[in-house]
Structures are given as structure tokens and as C-alpha cells.
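Chemist: Pasting in a structure now, in C-alpha cells, and then I'll have a few things to ask.
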Amino acid sequence: MAIHDSGDIKTGNTTLFYSGTNNGRHENGVGFMINEKILHNTKSFTPVNDRICYIKISGRLFDLILINCYAPTEDEADDIKEKFYDELETVVNSLPTHCLKMIVGDFNAKIGRENIYRPTIGPDSLHEVSNDNGTRLIHFATSQELTISSTYFPRKDIHKYTWVSPNGRVHNQIDHIMINKRQASSIRKVRTFRGVDADSEHYLLFAQFNLRLSTKWNMVKKSTRVKYNIQILEDSEVQKRFVKMIQENIQIKQPEKETQTIDSLWCNLKEAVTNSAREHLGIEKSRRIG
């Protein structure tokens, strides 16, 4: 992607947020394509330069920050590579610590299977030995306590390739996904899809991400569960008042169509039922056995 300046463009049902050069030359560029279904969850987009940008997406418990990168190629000068990682480190360190951060992109980095770099890297990389860019990426990930998740999933080699040479003879795995080690288990799947037509020498890199609640959180949720006295719904008058109050609460707090999501509709329904149950049913008395 070689683009000029930064901004956003809407095309069809997606919006392209892009970050490029401001010197008039179309050399590099990075960005995100966001489907309109989740566009309302996009809180901000920050273009850093023609190699780094990031986007913040709102979540239920905390925000997700995705950092997109395009690293210098393997044959670039050392000072250019060092400048890139210095800038990336500055960006990562400037972001809020309570947000979940993932770093993705074309790092032009071959990650090997060297045991000395475990557990920053996994055992399932395409390559046996890391190149210079790969070593730099590993050192950066280690310093930031990140895991290179794209090397952790056993796949056929054709599903590890992320780049193919113009003549089709050389295949490399140089695009990667990184996440904090504490959330590494949230990445459930990483693989490439070769059939996607993107007019690029790169294949589409796909990741499945599931956020898990901690055991402690689940225990708290279970211990605070409230049971309502549903037996009194057998009384037709109570049942009518219960249903009527639910309908009224839903109408009062119904979100606008432009901002409706499955989550907002569910939360609205849940709150309506809970308020009506508290008002008309009451808490079920605990039963003692024996």
C-alpha cells in the first residue's frame, strides 16, 4: 500500500482509514478497513507516519487497540530499521495500560524455530532460522512482553505463507500478529487465505480472537446471581402487570436505529426484565433442606 497523506475514505459498506507520507512521494502506507457493522465501535484512528498507525475500538470491559505496521525490508540500512522500532516502541509505551493491544502487519520478518527465543515465538513457524528482521522483531516482542502468535499454530505450509514472489517460486511468512503474553490464549486461530483477490503479493492473514473472562470474574458473577419468585406468575393479574412493565421499559429505553447493535438490544431487554421482576416478583426466599 503506497498512499499519500492520511484520512479516511468510505467505499461501499467499509471505511478505509489510512496513514501515508506527507512529502508528496507515494512510497509506503498503512491503514485499516472497517466494516460499517462495527464502525460505531471505532473510537479513534491515529496516523503516526507512513509505517505505523493505530485504531481504538470500544469493548465491553476495556478498549482494544490495533497497531498496524509496515517494517523496512531486509536489505534496508540498519539506521532505518532502528528508527522504525524506536518509533514503534514510543507508540506502544504511550498507549493506556488498561487497553488490550495487538500489533499486526508486514514486518518483512522471517521468524525461525530457535529454542532460545521461546516462549516469545512458537514452534510452528514456516522458517527454520530467523533473518535479521526476524531477530529484531523477536527482540522487540521480548522487550514488550509480547507473543508472536502467528508462529504458534500448526498448519500446512500453504496456510503459513503470507507472501509470494512475483514469479510464484518463493514463499515467505513475513506478516505477523503479536499480543501481550497475558492475553496470548485469546488468539484461537491464525492462518492465511490464498484465494482472496487483493491485487497484492501478500495473502490475507486471518486471526480468530476470543476474549476470556478470568476464573475470579466468573466466580463473582455466580455468587451474585439473583433468583426471583417466578411462582407468583401463576397469578394472571401479576403476569399482566409484569409483562406490561417490561414492554414500557423497552419502549422508554429503546436505542435509536442508527446506534442499535445486538449488544445494546440485549442489554435493553435484560434491564427491562430485571426491573420488572424486581418490582412485581420479588426475591425468592432461600429454602432450607432438612
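The opening position of the sequence shown corresponds to residue 1 in the UniProt record's numbering, with each subsequent residue numbered one higher. Using N, Cα and C, we set each Cβ at its ideal position, and we do this for glycine too.
#1: Apart from the five residues just before and just after H171, which ones in its own chain have a Cβ nearer than 6 angstroms to its Cβ?
#2: Please determine if the segment 132–141 and the segment 186–196 are in contact, where contact requires at least 3 C-beta pairs separated by less than 8 angstroms.
#3: Per DSSP, what are the beta-bridge partners of I65 in this structure?
#4: In or out: G59 buried (at least 16 other Cβ within 10 Å) or exposed?
#5: Taking the alpha-carbon of N93 as reference, which of G122, Q144 and L126 has the nearest alpha-carbon?
#6: Using a Cβ-Cβ cutoff of less than 6 angstroms, which residues in the same chain neighbour residue 293 once the five nearest sequence positions on both sides are dropped?
#7: Quick test of your reading: Y228 and L281, contact by CB under 8 angstroms. State the CB separation rounded to the nearest angstrom.
#8: How about V30: is its C-beta nearer than 9 angstroms to some C-beta of chain B?
#9: Between the Cα of R278 and the Cα atoms of T42, I177 and V238, which residue gives the shortest distance?
#10: Does the pairing of the segment 44–51 with the segment 12–31 give three or more beta-carbon distances under 8 angstroms?
#11: Let me check understanding here. Comparing Cα to Cα, which of G168, L204, P119 and S200 lies closest to I179?
#12: What would DSSP say about N275, mapped onto helix, strand or coil?
#13: What's the call for Q247, buried or exposed, on a 16-neighbour Cβ count within 10 Å?
#14: Please report the distance separating the alpha-carbon of L265 from that of F242.
#15: Would you list the residues sitting across from S44 in a DSSP beta bridge?
#16: Counting pairs of Cβ atoms below 8 angstroms between the segment 26–39 and the segment 64–76, do you hit three or more?
#17: Rounded to the nearest angstrom, what separates D124 and I283 at their Cα positions?
#18: Using the C-alpha atoms, what's the distance from A184 back to L213?
#19: Less than 7 angstroms between C-beta atoms, sequence neighbours within five positions excluded: which residues of the same chain meet that for S6?
#20: Along the chain, where does the alpha helix (DSSP H) containing G7 start, and where does it finish?
#21: Mind checking whether F140 and L66 have CB atoms under 9 angstroms apart?
#22: Leaving out five residues on either side along the sequence, give the residues of the same chain with a beta carbon under 8 angstroms from the beta carbon of L39.
#23: State the start and end residues of the unbroken beta strand (DSSP E) segment that holds F17.
Modeler: Quick answer:
#1: Y161 and V164
#2: no
#3: K56 and K101
#4: exposed
#5: Q144
#6: Residue 293 lies beyond the residue range present for the chain, which begins at 1 and ends at 290; the question has no answer from this structure.
#7: 4 angstroms
#8: The displayed structure is made up of one protein chain only, and chain B is not part of it.
#9: V238
#10: yes
#11: P119
#12: helix
#13: exposed
#14: 19 angstroms
#15: K56
#16: yes
#17: 54 angstroms
#18: At L213, the pLDDT of 40 sits below 50, so the modelled position is not reliable and the matter cannot be decided from this model.
#19: Y18, S19, G20 and P47
#20: Not the alpha helix (DSSP H): G7 falls in the beta strand (DSSP E), residues S6 to T11.
#21: no
#22: T15
#23: T14 to S19
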